[in-house]
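K.L.:
Take a look at this one; I'll ask things after.
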Amino acid sequence: MKKSIKKLISTVLATIALGSVLTGCGGTNSGSKSSSGNVTLTYGIWDKNQEPGMRKMADAFEAKNPGIKVNVEVTAWDQYWTKLDAAATGGSLPDVFWMHSSQSARYASNSILMDLTDKIKGSSLVDMKKFPSGLVNLYVDGGKNYAIPKDYDTIGLWYNKKLFDEAGVAYPNENWTWTEFLAAAKKLTNAEKGIYGFGAPMDLQQGFDNFIFQNGGKVLSDDKTKSGFDTKEVKDAMQWYVDLSLKEKVSPTQTQFAENNYTTFFESGKTAMGLFGSWMLSEFAANENVAKNCDVAVLPQGKQRATLYNGLGNAASANTAHKEEAWKFVEFLGSEEANKIQAESGVAIPAYEGTSEAWMKTQTKFNSKVYAEMLKYAVINPNSKEAVKWQKAETETLLKAFTGKAPVNETCDEVAKKVNEILATEK
Amino acid sequence: MTFDGKSTTKKKISKSTLNEWMWGYIMILPTFIGLMVLNIIPAIQTLILSFQKSGSFGKSTWTGLDNYKKLFQDPNVLQATYNTFKYAILVVPATAIISLVVAVLLNKKMKGVSVYRTIYFLPMVAAPAAIAMVWRWLYNSEYGLINYTLSLVGIKGPNWIADPNVALISIVIIGIWSTIGYNMILLLAGLQEIPRDYYEAANIDGASPIRQFFKITIPLVSPTMFFVVVTSIMSAFQVFDVIFMLIDQGNPAIEKTQSLVYLFYKHSFILNDKGYGAAIIMLLLAIIMVVTVIQVKLQKKWVNY
């Protein structure tokens, strides 16, 4: 008996060992010289939808720079950062890769990213004034530029035309204020059928942060040392937002969102309106129900107009073996020509001034041009070095308010206290 | 001279044994390397990491016991430890008893026994993530099969995964369901090693099947049962995947369901504080070690070799 147990244990262990060895063999690569002596660069991205567009930009670059080849390498978002982190630790980063604002400060302050400041100054192709300043600043650390903006996204109000027609409510228009928005949401809500006017989940970028800015509040102080959650503007906006599900009952509750997320609610026609970022366009276009029945409008306004915007940047590795070539490629990606190619691919809104018109022309399914129009009054997505930590602290604490266990007012004070503690560690 | 004689005899023995030893070591080498590289070295590194404040990209600073001080003041850790114990206490006895009963029933000679064995073992073959997704649909309070079935008999089912008071039970149910098959196979192997003679003798003496079960089956299967209980407790303490798949970030039940490993995941991989995560996992290691030592001590009382 004992023997057979031991045998079993060792077999199990051996299987596990072998399994881990096999899975551990995933490919790692970085820019390397090809056989003909030419330089091959690796371009790391995470969005499969954008791969064809990126490939076209790389082709245009290759045509101009004979002797440099570019490999576009897609890693899904879920693994992208784990892989990039490991590659940065091990010194085998792709030569050029996408950067996201939630990670950039960490990468820049650890000298993982190439300092582009002087190179940009001396460049004839790239002019940082051509990009929205909020985007440029996302990738500035200690006064130095570490990435060139690639694209941007904003948040829009999606609505289900079929549900609006059934309830006899006029479609959202750009003059809508919170009052009209709430009145429409009430009319659209049909408890019997399980249909809600709006989806108000506990989400920052596609949720309450937009309303905070519309109410004149601030998520972070301008110098990023204090949370704005203990101010009246933020508290009022949060109270209004939480009331949507708990008091007005025009939105499913957080408990309901725990089972089916807010995207599912909207896609299955259970919520008539919802806030979604422009990155959802390709998913919505592929969804039969949304493609047929839904469209997008600008966000309703509170005391002022506001929507959150954010964007990716192209960065280069500080330790690449091909510094000159990598810079050349980043420079090209930041040029007007490359942004036009990106615009025509239609997947992301290019960041270069004046190129978004070309992108609008590719948008035939939805009224997506509102996303680009909202840039005028858009506020940059709140960000700092420890953003991941204080965002987590915000949602963990706010859960009490969203489930009605604690008053919004007190919870907001608690959020401010926790966020301030985290911000204090940044210095 | 006596000294010399001794040493020569010693040498003589060691030459043949040495050869035998060498082959012995060569034979265990693959497993040994696997254990070393995949288990022991990472475990030591984790211990070292738990004394550090981890910065980005492998740059860490030594902070001594800071992580542990924080650990014992963190209400989330206390709650997670409580959740983990509650899960283990609910899952382990239930799996042990149910899988023993199933194993005994499937140890009979009957038609299609291998089909039943396969069915019971199936959850073990399926990926945990896939299992959790299927259960998530079953548990859905509005459209799920479970609440639909309950509604047919006029019961309004609970909100299985979002109600803080129920969610852990839902996780326990999946935990029991998915481990029965594996334990059943182990116990079945144990049962088949019990000689038939004992039962025949007991039959002749007029012992009832129930009495046979308690007087013959249980004592003789106890070594396997011990193995099953020890491994079940270990895996119960390490519960993570089902919770991770079932309970989303914004779920109101998260506080009442997150286990120690879930907390470890959150700190190490979401908040990127790998040092604190390592300290949490060290706490878990200590708990499992203490529990296992207690079990090994207690086994003398009920395990018959």
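Respectively, the protein sequence lines represent chains A and B.
Read in our numbering, the first sequence has 93 at position 93, and its numbers run on one by one without any break.
Counting the second sequence from 1 gives a position; our numbering is that position plus 1000.
Cβ coordinates follow ideal geometry from the N, Cα and C atoms, glycine included.
1) Of all the CB atoms in chain A, is at least one closer than 7 Å to the CB of B:Leu-1220?
2) If you count every other CB in all the chains shown that lies within 10 Å of the CB of B:Ala-1253, and 16 or more means buried, which is it?
3) Can you tell me where the beta strand (DSSP E) holding B:Val-1101 begins and where it ends?
4) Buried or exposed, going by whether 16 or more other CB atoms sit within 10 Å of the CB of B:Glu-1211?
5) Using the Cα positions of B:Leu-1272 and A:Trp-240, report the straight-line distance between them to the nearest angstrom.
6) Where do the ends of the alpha helix (DSSP H) carrying B:Ala-1167 lie?
7) So, using beta-carbon positions, are B:Ala-1236 and B:Val-1037 closer together than 7 Å?
8) Leaving out five residues on either side along the sequence, give the residues of the same chain with a beta carbon under 8 Å from the beta carbon of B:Asn-1107.
9) Inspect the beta-carbon positions of A:Lys-187 and A:Ala-170 and report whether they are closer than 7 Å.
10) Indicate whether A:Tyr-262 and A:Gly-199 have their beta-carbon atoms separated by less than 7 Å.
11) Would the stretch 54-73 of chain A count as touching the stretch 339-357 of chain A if we require 3 or more Cβ pairs under 8 Å?
12) Could you give the residue range of the alpha helix (DSSP H) that holds A:Gly-90?
13) Looking at the C-beta of B:Phe-1057, does it have a partner C-beta in chain A at a distance below 7 Å?
14) Taking the alpha carbon of B:Tyr-1120 as the point to measure from, which residue in B:Gly-1058, B:Ala-1130, B:Trp-1177, B:Ile-1194 has its own alpha carbon closest?
15) Measure the C-alpha to C-alpha separation of B:Leu-1298 and B:Val-1172 and round it to an integer number of angstroms.
16) Can you find the residues in the same chain that come closer than 6 Å, C-beta to C-beta, to A:Asn-383, ignoring five residues on each side of it along the sequence?
17) Excluding the five sequence neighbours on either side, which residues of its own chain have a C-beta within less than 8 Å of the C-beta of A:Ala-76, listed in chain order?
18) What span of residues does the alpha helix (DSSP H) with B:Ile-1131 cover, start to end?
19) What first and last residue would you give for the beta strand (DSSP E) that runs through A:Gly-156?
20) Considering only DSSP beta bridges, list what A:Phe-276 is partnered with.
21) In three-state DSSP terms, what is A:Tyr-309?
22) Quick check for students: name the residue ranges of the beta strand (DSSP E) that lie wholly in the stretch 222-306 of chain A, counting only runs of 3 or more.
23) Which residues in chain B sit within 9 Å of A:Asn-110, going by Cβ to Cβ distance?
24) Given this structure, state the Cα-to-Cα distance separating A:Gly-44 from A:Met-202, to the nearest angstrom.
25) In whole angstroms, what separates the C-alpha of A:Thr-28 from that of B:Met-1110?
26) Put A:Trp-46 into one of helix, strand or coil per three-state DSSP.
27) Using a Cβ-Cβ cut-off of 7 Å (strictly less than) and excluding sequence neighbours within five positions of B:Ile-1287, which residues of its own chain qualify?
28) Out of curiosity, what's the CA-to-CA distance linking B:Ile-1048 and B:Ile-1280?
29) Looking at the unbroken beta strand (DSSP E) that takes in A:Val-74, where does it start and where does it end?
30) Would the stretch 304-324 of chain A count as touching the stretch 92-107 of chain A if we require 3 or more Cβ pairs under 8 Å?
31) Do we get a CB-CB distance below 7 Å when we pair B:Leu-1271 with the residues of chain A?
P.N.:
On the basis of the coordinates in this document:
1) Here residue 1220 of chain B refers to the residue found at position 220 when the second sequence is read from its first residue. The C-beta of B:Leu-1220 comes no closer than 7 Å to any C-beta of chain A.
2) The residue labelled residue 1253 of chain B in the question sits at position 253 within the second sequence. B:Ala-1253 comes out buried.
3) As a first step, residue 1101 of chain B must be located in the second sequence, where it is residue number 101. Taken as a continuous stretch (DSSP letters only), B:Val-1101 belongs to no beta strand (DSSP E), being part of the alpha helix (DSSP H) at 1075-1106.
4) If you number the second sequence from 1, residue 1211 of chain B lands on position 211. Contrary to the premise, residue 1211 of chain B reads as Arg rather than Glu in this sequence. Exposed.
5) Residue numbering aside, residue 1272 of chain B sits at position 272 when the second sequence is read from its first letter. Residue numbering aside, residue 240 of chain A sits at position 240 when the first sequence is read from its first letter. According to the sequence as given, residue 1272 of chain B is Asn; it is not Leu. Cα to Cα, B:Asn-1272 sits roughly 33 Å from A:Trp-240.
6) Here residue 1167 of chain B is taken as the residue at index 167 of the second sequence, counted from 1. Note, B:Ala-1167: alpha helix (DSSP H), 1167-1192.
7) The residue labelled residue 1236 of chain B in the question sits at position 236 within the second sequence. The residue labelled residue 1037 of chain B in the question sits at position 37 within the second sequence. Not a contact, by the Cβ cut-off of 7 Å.
8) Locating residue 1107 of chain B in the second sequence gives position 107, counting from the first residue. Cβ neighbours of B:Asn-1107 beyond the five flanking positions: Leu-1188, Leu-1191, Gln-1192.
9) Taking the first residue of the first sequence as position 1, residue 187 of chain A is located at position 187. Taking the first residue of the first sequence as position 1, residue 170 of chain A is located at position 170. For A:Lys-187 and A:Ala-170, no; Cβs fall outside 7 Å.
10) Taking the first sequence and counting its residues from 1, the one referred to as residue 262 of chain A is at position 262. Taking the first sequence and counting its residues from 1, the one referred to as residue 199 of chain A is at position 199. The answer is yes: Cβ separation under 7 Å.
11) yes
12) Start at 1 with the first residue of the first sequence, and residue 90 of chain A comes out as number 90. 77-90 is the extent of the alpha helix (DSSP H) around A:Gly-90.
13) Taking the second sequence and counting its residues from 1, one reaches residue 1057 of chain B at position 57. So yes, B:Phe-1057 belongs to the interface.
14) In the second sequence, residue 1120 of chain B corresponds to position 120, counting from 1. Of the candidates B:Gly-1058, B:Ala-1130, B:Trp-1177, B:Ile-1194, the one whose C-alpha sits nearest the C-alpha of B:Tyr-1120 is B:Trp-1177.
15) Taking the second sequence and counting its residues from 1, the one referred to as residue 1298 of chain B is at position 298. Taking the second sequence and counting its residues from 1, the one referred to as residue 1172 of chain B is at position 172. Roughly 26 Å separates the two Cα atoms.
16) Position 383 of the first sequence, counted from the first residue, corresponds to residue 383 of chain A. Here the set comprises Ser-101.
17) Reading the first sequence from its first residue, position 76 is the one you call residue 76 of chain A. Same-chain partners within the cutoff: Trp-46, Lys-48.
18) Taking the first residue of the second sequence as position 1, residue 1131 of chain B is located at position 131. Per DSSP, B:Ile-1131 belongs to the alpha helix (DSSP H) from 1128-1139.
19) In the first sequence, the residue the question calls residue 156 of chain A occupies position 156. From DSSP, the beta strand (DSSP E) with A:Gly-156 extends over 151-160.
20) As a working note, residue 276 of chain A is residue 276 in the first sequence. Its beta-bridge partners are A:Gly-156.
21) Against the first sequence, residue 309 of chain A aligns to sequence position 309. Of the three classes helix, strand and coil, the one that applies to A:Tyr-309 here is strand, per DSSP.
22) If only uninterrupted beta strand (DSSP E) runs of at least 3 residues are considered, those enclosed by the stretch 222-306 of chain A are 273-277, 294-297.
23) Translated into the one-based positions of the first sequence, residue 110 of chain A becomes position 110. Here the neighbours are Gly-1055, Ser-1056, Phe-1057, Lys-1059.
24) The residue you call residue 44 of chain A lines up with position 44 of the first sequence. The residue you call residue 202 of chain A lines up with position 202 of the first sequence. If you take the alpha carbons of A:Gly-44 and A:Met-202, they lie about 31 Å apart.
25) In the first sequence, residue 28 of chain A corresponds to position 28, counting from 1. In the second sequence, residue 1110 of chain B corresponds to position 110, counting from 1. Confidence in A:Thr-28 is poor, its pLDDT being 39 and thus under 50, which makes the residue's placement too unreliable to answer from.
26) Looking up residue 46 of chain A in the first sequence gives position 46. Coil.
27) Taking the first residue of the second sequence as position 1, residue 1287 of chain B is located at position 287. Counting only Cβ-Cβ distances below 7 Å, and skipping sequence neighbours, we find Phe-1237.
28) Position 48 of the second sequence, counting from 1, holds the residue named residue 1048 of chain B. Position 280 of the second sequence, counting from 1, holds the residue named residue 1280 of chain B. Looking at the two C-alpha atoms, the distance is approximately 13 Å.
29) Position 74 of the first sequence holds residue 74 of chain A. Its beta strand (DSSP E) spans residues 68-74.
30) In short, these stretches touch, since the Cβ pair count reaches three.
31) Along the second sequence, one-based indexing puts residue 1271 of chain B at 271. For B:Leu-1271, the answer is yes, since a Cβ of chain A falls inside 7 Å of its Cβ.
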